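Worksheet: the structure to be examined is printed underneath.
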Amino acid sequence: MLTAQTPTPADQRLLATIAADLPGRRWFPVKGASADLTVHAVIPLVDPQGAADVRVLLVAARTSGAGSLLQVPLVVVTGDDEAGTPLGDGRTVLDGAAHPAFLRAWFAVADGPGGAPAHVDLTHVQAITGEQSNSSVVLGAPDAPGRAILKVVRTLQHGENPDVEVPRALVEQGYTGVPAPLAWLRARWPDVATGEVGAGYLGVAAAFVAGARDGFELACELAGSGSPFAAHAHALGEATARMHAALASAFPTVADPDGPDRLARALLDRYAWARAATSAVEPYHAGVVRTADEVRALRSTPPRQRVHGDLHLGQVLHGPHGWLVLDFEGEPLAPLEARTRPDLAVRDVAGLLRSFDYAAAVGGATGDAAQRWVTAAREALLAGYAQASPPSSLEPGDAALLTRALELDKTLYEAVYEARNRPTWLPIPLAGLDRLAG
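Going letter by letter, the sequence shown gives residues 925 to 1362 in my numbering.
As structure tokens, then:
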């Protein structure tokens, strides 16, 4: 395990050189506000080829409200490089996340199954673009076996990383629906607020699945062309049930005798939060209260267990051998305890169900055809999940109520998100609220 060091004035100068560029990066967590940036600690790495100076800056980003610790890997080379920023002394500093020198240094000190990382081809590197809270890089030549994808964690926290811990546990349980972890890198650093030293993950590499399709893109394409998704949805339901069974075996489950009341109160709290954010949800108050009352009348809820926590069609891949589940990290800015807290497994199912409405809308399906497509996909997913799940003590009607309540909770969240960020998409969750609480 690596140990962070006290930064030098040279490290602070490196940050000063690149600081103006950081807020524009997709992974930068502070949006719409000015952040005070300082180097909190530094982790020097050694390029086995000696081609560059590799350093990982741990940058404290402080605002008036809170602070985050960011991982900023940098590579300093001699001479000019148009991809980087001149340092004024004949050297250039570059973003390290996809740089061969950083990748060589990373894998030289990483851990992996059996204690050492699997062999990965570092001669072909492709950075993944798009909206991300981390930085991901595909490693290996196209169409070559043994390709990998490395995720560089940008917002650091002490403790286990679910994106490492959960796939490793699932693979150990014999679950084949996750890309196998190949390597990971941990380090120790002092907490920004308290100075207490703890350990956490800097990144993880997993097997790259060749020939796989993004689940949301696939669903949008089929919805837009009027092609059925039901068979895919049924298989996805089965894969989700098997994942939940493996998670229940790998991690402790928690009985929750107050589950019905807890869920009912959470649903009402969610509505109050949503109503404070947007008046668009006001017509659904009575339906939310009615659902909460029905939930409170339940005799029990299933034990809480480890779940994915943010499962939707964009978190799954459809590959040559079926569905694969990705990204167990959850919301990166949420506390680790919240992201690993046991929950009702059906919350993951509710997230997938909500994805079908989005896929139909984004794919361009309209009218009765869209509704038929969504209904068929929903029914198939639920059937596949039920078929592959172990026997439950819940009556079918009670299970359906739990699913509906958690889907309603998710839809209220969506309404706030769309009202704040994508107002033209607000009709998607509002249509869901019409169905769930109208």
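For every residue, glycine included, the Cβ atom is placed at its ideal position computed from N, Cα and C. If you're wondering where the values come from, they're calculated on a predicted model, not measured in any experiment.
What do you get for residue i, buried or exposed, if any count of 16 or more other CB atoms within 10 angstroms of its CB means buried?
| i | result |
| --- | --- |
| residue 1281 | buried |
| residue 1217 | exposed |
| residue 1091 | buried |
| residue 1197 | exposed |
| residue 1319 | exposed |
| residue 1119 | exposed |
| residue 1225 | buried |
| residue 1294 | buried |
| residue 1335 | buried |
| residue 1069 | exposed |
| residue 1041 | buried |
| residue 1441 | With the chain covering only 925 through 1362, there is no way to say anything about residue 1441. |
| residue 1373 | Because residue 1373 is not part of the residues shown, which for the chain are 925 to 1362, the question remains open. |
| residue 1279 | buried |
| residue 1215 | buried |
| residue 1048 | exposed |
| residue 1078 | buried |
| residue 1115 | exposed |
| residue 1289 | buried |
| residue 1019 | buried |
Look at the Cβ atom of residue i, then the Cβ atom of residue j, and state whether they are nearer than 8 Å.
| i | j | result |
| --- | --- | --- |
| residue 926 | residue 1033 | yes |
| residue 942 | residue 987 | no |
| residue 976 | residue 1001 | yes |
| residue 1143 | residue 1283 | yes |
| residue 1017 | residue 938 | yes |
| residue 1212 | residue 1237 | no |
| residue 980 | residue 994 | no |
| residue 1165 | residue 1312 | yes |
| residue 1219 | residue 1259 | no |
| residue 1095 | residue 1108 | no |
| residue 1330 | residue 1342 | no |
| residue 965 | residue 933 | no |
| residue 1287 | residue 1147 | yes |
| residue 1159 | residue 1291 | no |
| residue 1304 | residue 1065 | no |
| residue 1358 | residue 1194 | no |
| residue 1248 | residue 1133 | yes |
| residue 1169 | residue 1314 | yes |
| residue 1021 | residue 1076 | yes |
| residue 935 | residue 978 | no |
| residue 959 | residue 1113 | no |
Residues in its own chain within less than 6 Å of residue i by CB, not counting five upstream and five downstream?
| i | result |
| --- | --- |
| residue 1100 | none |
| residue 1201 | 1340 |
| residue 1082 | 1122, 1124 |
| residue 1181 | none |
| residue 1277 | 1302, 1331 |
| residue 1412 | One cannot answer for residue 1412 here, as it falls past the ends of the chain, which runs 925 to 1362. |
| residue 1356 | 1281, 1335 |
| residue 1080 | 993, 995, 1124 |
| residue 1052 | 1060 |
Leaving out five residues on either side along the sequence, give the residues of the same chain with a beta carbon under 8 Å from the beta carbon of residue i.
| i | result |
| --- | --- |
| residue 973 | 1025, 1028 |
| residue 1175 | 1093, 1229, 1230, 1266 |
| residue 954 | 947, 985, 987, 992 |
| residue 1199 | 1205, 1206, 1209 |
| residue 1004 | 1010, 1016 |
| residue 1309 | 1161, 1162, 1164, 1165, 1273 |
| residue 1190 | 1333 |
| residue 1352 | 1281, 1282, 1285, 1338, 1342 |
In chain order, what residues of the same chain lie with their CB nearer than 7 Å to the CB of residue i, ignoring the 5 residues before and after it?
| i | result |
| --- | --- |
| residue 1131 | 1072, 1103, 1104, 1106 |
| residue 1254 | 1086, 1233, 1234, 1263 |
| residue 1327 | 1270, 1273, 1274 |
| residue 1173 | 1097 |
| residue 1178 | 1227, 1228, 1266 |
| residue 1139 | 1237, 1238, 1240, 1241, 1242 |
| residue 1135 | 1243, 1244 |
| residue 1322 | 1222 |
| residue 1137 | 1241, 1242 |
| residue 1141 | none |
Give a yes or no on contact between the segment 963-973 and the segment 1046-1065, applying the rule of three or more CB pairs nearer than 8 Å. no
List, from N- to C-terminal side, the beta strand (DSSP E) runs of 3 residues or more that fit wholly inside the segment 1039-1116. 1049-1051, 1059-1063, 1072-1076, 1105-1114
Jot down the residue ranges of each uninterrupted alpha helix (DSSP H) in the segment 1288-1343, minimum 4 residues, whole runs only, in chain order. 1291-1312
Of all the beta strand (DSSP E) runs that stay within the bounds of the segment 952-981, which reach a length of 3 or more residues? 960-970
Decide if the segment 1238-1247 is in contact with the segment 1299-1314; the criterion is three or more beta carbon pairs, one per stretch, under 8 Å apart. no
Quick check for students: name the residue ranges of the beta strand (DSSP E) that lie wholly in the segment 984-1020, counting only runs of 3 or more. 991-1002, 1015-1019
Any chance you could list the alpha helix (DSSP H) runs of at least 4 consecutive residues sitting entirely within the segment 1190-1266, in chain order? 1209-1220, 1260-1264
For the segment 1119-1165, list the alpha helix (DSSP H) runs that are entirely contained and at least 4 residues long, ordered along the chain. 1139-1149
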